[in-house]
Amino acid sequence: MLYEILLSIHLLSLVGWAGLSTGAYLVVREVAGSVLPNSYKRLVHAQAAFAGLLFLSGLTMAVLVYGFPKSPLWIHYALGVALVAGALEAYHVRAARRYSAERYHRAIRMLAPAWAVILAVMLWLMVWKPF
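Using our numbering, the letters of the sequence shown correspond one by one to residues -1 to 129.
Here it is in structure tokens:
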């Protein structure tokens, strides 16, 4: 039962991390002037919280199912990718708080390919569990 609850939290966190801010960014990039709206900045913080919840729920499921550190190799790879994703999220939050809208949009255009690769690699690791 605990595993199913964690899995639900994990999947909902994925939607919160990837979905909410992507949709909001598509709106903000069309209407933003020189300053990002405060509501968008709060959403970026919520996205970072979802990313943290995604990490914690995934790590907890891995420990429950496999134990740690004797878990399969794919979990260790996923942890490495998650650390990179965490660093990108920290930069994303910093950029939303401190950059002008124009500079923020440039930063997001640079981060978007990295996020796409991270999402694809994590889905590959989680679904197919290659090693």
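In this text, a Cβ means the ideal position worked out from N, Cα and C, and glycines have one as well.
Computed from a prediction, not measured in an experiment: that's the story for all the values here.
Exercise. So Lys39 is in the alpha helix (DSSP H); what residue range does that whole segment cover?
Worked result: Taken as a continuous stretch (DSSP letters only), the alpha helix (DSSP H) holding Lys39 covers Asn36 to Tyr64.
Exercise. For Tyr89 versus Leu34, is the C-beta distance shorter than 8 Å?
Worked result: It is not a contact, given that the beta carbons lie outside the stated cut-off.
For this session: Would you check if the region 77 to 86 and the region 100 to 118 touch, i.e. whether three or more CB-CB distances between them fall below 8 Å?
Result: Three or more Cβ pairs closer than 8 Å define a contact, and the region 100 to 118 meets that threshold against the region 77 to 86.
Exercise. Near Ser73, which residues of its chain fall below 6 Å by C-beta distance, leaving aside the five closest residues on each side in sequence?
Worked result: Residue identity differs from the one stated: residue 73 is Ile in this sequence, not Ser. Within the same chain, Ala60 come within 6 Å of Ile73 by CB-CB distance, once the 5 residues on both sides are set aside.
Exercise. When you compare each of Ala49, Glu28 and Ser37 to Gly17 by their alpha carbons, which one comes out closest?
Worked result: Among Ala49, Glu28 and Ser37, the Cα nearest to that of Gly17 is on Ala49.
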